[in-house]
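S.K.: Numbering-wise (my numbering), the sequence shown opens with residue 1 and increments by one.
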Amino acid sequence: MVVVMQERAAEDQIQHVIATLVEKGFDVHRSTGQMRTVLGAVGGKRDFDKRLLEVMGGVQEVLRITEPYKLASRTFRPEPTVVSMGDFRIGGDEVIVMAGPCSAETEEQVEAAAAAVARAGAKVFRGGAFKPRSSPYSFQGLGEAGLQMMRTACDRHKLKLVSEVMDVSQIELVDRYADMLQVGARNMQNFTLLRELGRTRKPVLLKRGISATIEEWLLSAEYILSGGNPDVVLCERGIRTFESYTRNTLDISAVPVIHKLSHLPIVADPSHGTGRRDKVAPMARAAVAAGADGLIIEVHPDPDRALSDGAQSVFPDQFERLMAELRIIAPAIGRSICVEPVPHRAWA
Ligand code: PEP
Ligand code: MN
Numbered sequence: 001m002v003v004v005m006q007e008r009a010a011e012d013q014i015q016h017v018i019a020t021l022v023e024k025g026f027d028v029h030r031s032t033g034q035m036r037t038v039l040g041a042v043g044g045k046r047d048f049d050k051r052l053l054e055v056m057g058g059v060q061e062v063l064r065i066t067e068p069y070k071l072a073s074r075t076f077r078p079e080p081t082v083v084s085m086g087d088f089r090i091g092g093d094e095v096i097v098m099a100g101p102c103s104a105e106t107e108e109q110v111e112a113a114a115a116a117v118a119r120a121g122a123k124v125f126r127g128g129a130f131k132p133r134s135s136p137y138s139f140q141g142l143g144e145a146g147l148q149m150m151r152t153a154c155d156r157h158k159l160k161l162v163s164e165v166m167d168v169s170q171i172e173l174v175d176r177y178a179d180m181l182q183v184g185a186r187n188m189q190n191f192t193l194l195r196e197l198g199r200t201r202k203p204v205l206l207k208r209g210i211s212a213t214i215e216e217w218l219l220s221a222e223y224i225l226s227g228g229n230p231d232v233v234l235c236e237r238g239i240r241t242f243e244s245y246t247r248n249t250l251d252i253s254a255v256p257v258i259h260k261l262s263h264l265p266i267v268a269d270p271s272h273g274t275g276r277r278d279k280v281a282p283m284a285r286a287a288v289a290a291g292a293d294g295l296i297i298e299v300h301p302d303p304d305r306a307l308s309d310g311a312q313s314v315f316p317d318q319f320e321r322l323m324a325e326l327r328i329i330a331p332a333i334g335r336s337i338c339v340e341p342v343p344h345r346a347w348a
């Protein structure tokens, strides 16, 4: 339930509504905007009579929202959430690009990838140290050694680091090295993990589950938000459909749908979304044109020898070309991308 207070509501009226909600068993989350206060009430009895609140002083409107998620909804928080990471923001005017290999493999590979993506204008380095592989015989990641390599390279190239945490037991370790914690598609409904991430203070990149509806995805975000962590960034990474040409079907329509339903920023992952290197740039361009707040792209210095996801990893020069294209597309829809000038390199 959402209680919208009147513009001129007095503080004691707001406090009275809060006290009533708490007495009725609701958890109250207060959001004070420039114009008015909005109270999100979570929990309480389903048969609560909202007219009790409607007749109170200072109350403008009480909405029983039909969406099962509340804190993640636009109704609760009309202004977009902006997640700050160092000196940049995800969900603001700038389109933020995260890039790097699927997995950390060697020091040389991590260093080469970090140098390349930083030069091209990426702000965040991506790389897995714990890999959720479909087969237990596939490369599972380097664990802490991989995190160390990535941290060193990120510090050298002034990049932030996003890395996956697969299990509650890995949170403390990954948190020590990474600036943002990634929840993989296969873990989108690992509710124990989501609850624990609600208690951390690091931004969380929440990937959409392979077969998850947008509502289920937002409910997963709700777990993190209701645990007390407001910094959730959603990531559309493709869903399973009947189409088999591409690895997944990148649901670009999820970008404007999420922007309508939720205040959370959303980035797109055209690498896992297509599974094919040659389809990454067109889908990245499309996602930015559709209003994505960022991208996460797999880039490998030698993709043909990658230990995971080589076929969908682009070469550094392809990534650089894509970034140049995005610098043309983003302003066309009122966004910017990597405003600092990037040293010129000829491709052709
Ligand atoms: C990844 O980012 O490398 C990854 C495993 O992604 P997803 O969880 O979307 O499959
Ligand atoms: Mn991958």
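Glycine included, C-beta positions come from ideal geometry on N, C-alpha and C.
1) Residues in the same chain with beta-carbon distance under 7 Å from F76, minus the five sequence neighbours each way, listed in chain order, please.
2) Drop a sphere of 10 angstroms on the beta-carbon of I296, count the other beta-carbons inside from all chains shown, and report buried for 16 or more, exposed for fewer.
3) Can you grab the Cα-Cα spacing for the pair L197 / L218, in whole Å?
4) Among the residues of its own chain, which have a CB less than 7 Å from the CB of L322, if the five just before and after it don't count?
5) Where does M35 land, buried or exposed, given buried means 16+ other C-beta within 10 angstroms?
6) Do I252 and A212 come within 7 Å of each other at the CB atom, strictly closer than that value?
7) Alpha carbon to alpha carbon, how far is D278 from Q182? Give it in angstroms, no decimals.
8) Along the chain, where does the alpha helix (DSSP H) that runs through F191 open and close?
9) Okay, do the segment 96-107 and the segment 120-133 touch, 3+ Cβ pairs below 8 Å being the bar?
10) Quick check on DSSP: helix, strand or coil for C154?
11) Is C102 near the ligand MN, in the sense that its beta carbon is under 6 Å from a heavy atom of that ligand?
12) So, using beta-carbon positions, are R237 and R208 closer together than 7 Å?
13) What would DSSP say about M56, mapped onto helix, strand or coil?
14) Kindly list the residues whose CB is nearer than 6 Å to the CB of E54, restricted to its own chain and excluding five residues on each side of it in sequence; keep chain order.
15) Which residues mark the beginning and the end of the beta strand (DSSP E) in which D27 is found?
16) Return yes when at least one heavy atom of the ligand MN lies under 6 Å from the C-beta of D304, else no.
17) Find out if the Cβ-Cβ distance for the pair V124, K158 is shorter than 7 Å.
18) Consult DSSP for Q182 and reduce its assignment to one of helix, strand or coil.
19) Looking at E216: is its Cβ nearer than 7 Å to the Cβ of G184?
20) Cβ of D350 within 6 Å of any heavy atom in the ligand MN?
21) Which first and last residues belong to the alpha helix (DSSP H) in which T274 is found?
22) Thinking C-beta only, is A99 closer than 7 Å to V299?
23) By Cβ distance below 7 Å, which residues in the same chain neighbour G310 in space, the five residues on each side in sequence not counted?
24) Between which two residues does the beta strand (DSSP E) containing T37 stretch?
25) 7 Å is my cut-off, CB to CB: does V280 come that close to chain C?
26) Can you find the residues in the same chain that come closer than 8 Å, C-beta to C-beta, to E325, ignoring five residues on each side of it along the sequence?
27) Helix, strand or coil for P341 per DSSP?
28) Evaluate D231 with the Cβ neighbour count: other Cβ atoms within 10 Å of its Cβ, from every protein chain shown; 16 or more gives buried, anything less gives exposed.
29) Confirm the yes/no value for this check: CB of R247, any heavy atom of the ligand PEP, distance under 6 Å.
30) Could you pull out every unbroken alpha helix (DSSP H) segment of at least 4 residues lying fully inside the segment 95-174, listed in chain order?
31) State the Cα-Cα distance for the pair I258 and A72, rounded to the nearest angstrom.
32) Quick one: grab the DSSP three-state call for G291.
33) Give me, in chain order, the residues of the same chain whose beta-carbon lies closer than 6 Å to that of P80; leave out the 5 immediate sequence neighbours on both sides.
34) Restricting to runs no shorter than 4 residues, where is the alpha helix (DSSP H) found entirely within the segment 239-286?
M.R.: According to the structure shown:
1) V2, S31, V38, G40, K70
2) buried
3) 15 Å
4) A281, A284
5) exposed
6) no
7) 25 Å
8) 191-197
9) Proximity of the segment 96-107 to the segment 120-133 meets the contact definition, three or more beta-carbon pairs being nearer than 8 Å.
10) helix
11) yes
12) R237 places its beta carbon less than 7 Å from that of R208.
13) coil
14) V62
15) 26-32
16) no
17) No; because the gap between Cβ atoms is not below 7 Å, this pair is not in contact.
18) strand
19) In terms of Cβ geometry, E216 and G184 do not form a close pair [threshold 7 Å].
20) The chain is shown only over 1 to 348; residue 350 falls outside these bounds and no answer can be derived.
21) 270-274
22) yes
23) Excluding residues up to 5 positions away in sequence, H300, P303, D304 lie with their Cβ nearer than 7 Å to the Cβ of G310 in the same chain.
24) Where T37 is concerned, the enclosing beta strand (DSSP E) starts and stops at 37-43.
25) The displayed structure is made up of one protein chain only, and chain C is not part of it.
26) Counting only Cβ-Cβ distances below 8 Å, and skipping sequence neighbours, we find A281, R285.
27) Residue placement at P341 is flagged as unreliable, the pLDDT there being 48, under the threshold of 50; the coordinate-derived value follows with that caveat. Looking at P341 - three-state DSSP - the assignment turns out to be coil, as it is neither helix nor strand.
28) buried
29) no
30) Runs of the alpha helix (DSSP H) lying entirely within the segment 95-174, each at least 4 residues long, are 107-120, 144-157 in chain order.
31) Rounded to the nearest angstrom, the two C-alpha atoms are 10 Å apart.
32) coil
33) G91, H263
34) 254-261, 270-274
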